[in-house]
Amino acid sequence: MNDKEVDLKKWPAHALGRSCAKSNACVVNGRIVSLTEVETKLRNVVPKPKFLNALETKICNDLKNIQSDDRDLRFQTFKEAFQAFIHELKTYKPLLSRIYKEYEDYTNFYKAEAQKLRPVKEYLWTISQECDERSCNKPSSTYCLSSSTLKVIRSRHRTWDI
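The opening position of the sequence shown corresponds to residue 9 in our numbering, with each subsequent residue numbered one higher.
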């Protein structure tokens with residue numbers, strides 16, 4: 009988020025009043041029961057932080073603008089929101105930055121692993137198509153992969169247990 013866009017006040021500096029209801033529990037039939045805010049008729053007197061409202065609004069607007077289920081764009085939206093969150097919370101910035109870095113390293117590792125598996129997926133699709141084609145030509149016989157095909161698969165991908 010751009011600092012020039014909105015003057016955001018940090019929470020709880022602007023929050024007035026008590027931070028929680030005096031009581032939202034009561035005893036019913038000898039048991040302690042937790043009541044909702046509506047049931048206790050006590051409203052939450054601490055408003056949601058303005059920064060949090062602005063961040064939620066930005067996320068909602070960005071997700072509406074995507075207009076598809078593109079996971080990469082959705083991920084980018086939340087990534088930017090988390091970066092803004094880290095930038096604003098200077099007290100927790102070192103910890104949140106480490107969490108962010110570990111998360112990025114983890115997702116990048118699995119993206120690289122998925123890229124490595126792409127040729128394998130294409131190769132298996134090709135074999136599947138060949139098997140389907142062969143089985144259409146000979147419907148009465150059952151088909152297995154030939155030993156030469158298995159050797160090729162094993163030589164290309166030694167980590168597989170076939």
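Note that CB positions come from ideal geometry on N, CA and C, so glycine has one too.
Taking only the alpha-carbon atoms, compute the straight-line gap between residue i and residue j and give it to the nearest angstrom.
i           : j           : result
residue 133 : residue 145 : 18 Å
residue 101 : residue 124 : 34 Å
residue 138 : residue 127 : 16 Å
residue 67  : residue 39  : 41 Å
residue 71  : residue 141 : 43 Å
residue 77  : residue 83  : 11 Å
residue 111 : residue 37  : 48 Å
residue 73  : residue 79  : 13 Å
residue 109 : residue 90  : 12 Å
residue 88  : residue 65  : 13 Å
residue 69  : residue 135 : 45 Å
residue 106 : residue 113 : 11 Å
residue 93  : residue 122 : 29 Å
residue 95  : residue 115 : 21 Å
residue 57  : residue 97  : 13 Å
residue 131 : residue 120 : 18 Å
residue 55  : residue 99  : 21 Å
residue 118 : residue 61  : 33 Å
Should residue i go down as buried or exposed, given a rule of 16 or more other Cβ atoms within 10 Å for buried?
i          : result
residue 59 : buried
residue 63 : buried
Take residue i and list the residues in its own chain whose beta-carbon comes closer than 8 Å to its own, dropping the five residues that flank it on each side.
i           : result
residue 129 : none
residue 85  : 67, 70, 71, 74
Using C-beta distances below 7 Å, list every residue in its chain close to residue i, excluding the 5 sequence neighbours before and after it, in chain order.
i          : result
residue 81 : 74
Just to confirm my understanding: we take residue i, look at its own chain, exclude 5 residues before and 5 after, and list those with CB closer than 6 Å. What are they?
i           : result
residue 103 : none
Q. At what residue ranges does the stretch 52–90 contain a whole run of the alpha helix (DSSP H), taking only runs of 4 or more?
A. The stretch 52–90 contains these whole alpha helix (DSSP H) runs: 58–74.
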